[in-house]
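K.L.:
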Amino acid sequence: KATGVVTTTRVTHASPAANYAHSASRKWEHDTNGTKCEDIASQLVFGETGKNINVVLGGGRREFLPQMPHERESGLRNDRINLVKSWIEEKHKRRERANYVTTKEELMKLNDSHTNFVLGLFSHDHLEYNLDK
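Numbering (the UniProt record's numbering), first residue to last: 1 to 133.
(1) Determine the burial state of Gly-50: buried for a count of at least 16 other Cβ atoms within 10 Å of its Cβ, exposed for fewer.
(2) Taking the alpha carbon of Gly-34 as the point to measure from, which residue in Leu-83, Arg-77, Ile-81 and Met-108 has its own alpha carbon closest?
(3) I need the straight-line Cα distance from Trp-87 to Gly-60, nearest angstrom please.
(4) Tell me which residue opens and which closes the alpha helix (DSSP H) that Phe-46 is part of.
(5) Would you check if the region 36-50 and the region 12-22 touch, i.e. whether three or more CB-CB distances between them fall below 8 Å?
(6) Cutting at 6 Å between CB atoms, please list the residues of its own chain near Arg-62, excluding the five before and the five after it.
(7) Taking buried to mean at least 16 other C-beta atoms within 10 Å of its own C-beta, is Asp-79 buried or exposed?
(8) DSSP three-state label for Pro-66, please.
As structure tokens, this is what we get:
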């Protein structure tokens, strides 16, 4: 058995996040919510439901990356935690075969017989509409 969440929005957006997270506010996608409540992105990586989803594909890379103004790609997290790195480490700790991809080409190259978990964050925010390309 396997589970997956595939969306054209940010994977932490309210609709897809309802599959794995509980939050008092749909806006608490990353750690800057001003409370000690676990944000939605963290629940995907560390939560009992989120960490067991086999396939997660969509947008919203910014919710998983720390604010790093001098880096090529900076996120929104103030806690300095790179949740993509944490996701990979959590899977390896459990001896799972996991892959993180950011492009269609990387996704298509995956060998599904050697992959139990896939996290695909294809854009910083929501995915771009074909009409807008």
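We treat Cβ as the ideally placed atom computed from N, Cα and C, and that holds for glycine.
P.N.:
Per the coordinate set shown:
(1) Under the 10 Å beta carbon count, Gly-50 is surrounded by 16 or more other beta carbons and is classified as buried.
(2) Considering only alpha carbons, the answer is Arg-77.
(3) If I take the Cα positions, the gap works out to 15 Å.
(4) Start and end: 40-46.
(5) With three or more CB-CB distances shorter than 8 Å, the region 12-22 counts as touching the region 36-50.
(6) Hits under 6 Å: Gly-75, Leu-76 and His-124.
(7) Exposed, by the Cβ-count rule.
(8) For Pro-66, the three-state secondary structure derived from DSSP is strand.
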